[in-house]
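Scroll down for the structure; my scribbles are underneath it.
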Amino acid sequence: MALESGFQIMNSLLYNGDLSQVDIADIGFAGIFGKSGFVAMAMFDFTPKGELITVGSGKNFAQFGTDLLIGGFSKWHTDKMGTAGIDKGVINFFNGFNGNFRNTVGTGIKNGVQDE
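Residue numbering for the sequence shown follows our numbering, beginning at 267 and increasing consecutively.
Structure follows, in C-alpha cells:
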C-alpha cells in the first residue's frame with residue numbers, strides 16, 4: 267500500500283503538478299488485495315475530490331485497458347521474479363525500479379488517451 271501511495275503521488279505531481287490525479291481506490295485495493303487487486307484497480311478510480319469514476323462513466327476503455335495491461339504484467343513479473351531463484355535483494359531492487367517505471371509510463375499513456 268505504501269508503494270502504491272508513493273506511485274500515485276509521484277505520478278500526479280509529475281503529470282499535473284498537484285495531487286488531483288491520485289487514485290485513492292488504487293491505494294485501497296493495493297492495501298486489501300496486494301498485487302492481485304489489479305482488475306479492481308483498473309475498473310475503479312476515486313479522486314481526492316470524492317468522484318467515483320468507473321469504466322464507461324468517466325473512464326474510457328483505452329484507459330481501462332492500459333491499467334489492466336500494466337497491472338497484469340506487474341503481477342506476472344513480480345510472481346516470476348519471486349520464483350526465479352535469485353537473491354531477494356536483487357529481486358526487490360529490480361521490482362522496485364521496474365514497478366515505478368511501468369506505473370509512470372502507464373500514467374503518461376492514460377493521460378494521452380483521455381476524452382477531451
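Where a beta carbon is used, it is the ideal one built from N, C-alpha and C, also for glycine.
Because the structure is a prediction, the values reported are computed rather than measured.
Helix, strand or coil, according to DSSP, for residue i in the structure here?
i           : result
residue 325 : strand
residue 334 : helix
residue 319 : strand
residue 305 : helix
residue 287 : coil
residue 292 : helix
residue 349 : coil
In whole angstroms, what is the alpha-carbon distance linking residue i and residue j?
i           : j           : result
residue 334 : residue 369 : 12 Å
residue 268 : residue 343 : 19 Å
residue 378 : residue 358 : 30 Å
residue 319 : residue 312 : 6 Å
residue 286 : residue 273 : 14 Å
residue 306 : residue 325 : 13 Å
residue 339 : residue 347 : 12 Å
residue 332 : residue 353 : 31 Å
What span of residues does the alpha helix (DSSP H) with residue i cover, start to end?
i           : result
residue 311 : Not the alpha helix (DSSP H): residue 311 falls in the beta strand (DSSP E), residues 310–312.
residue 275 : 268–282
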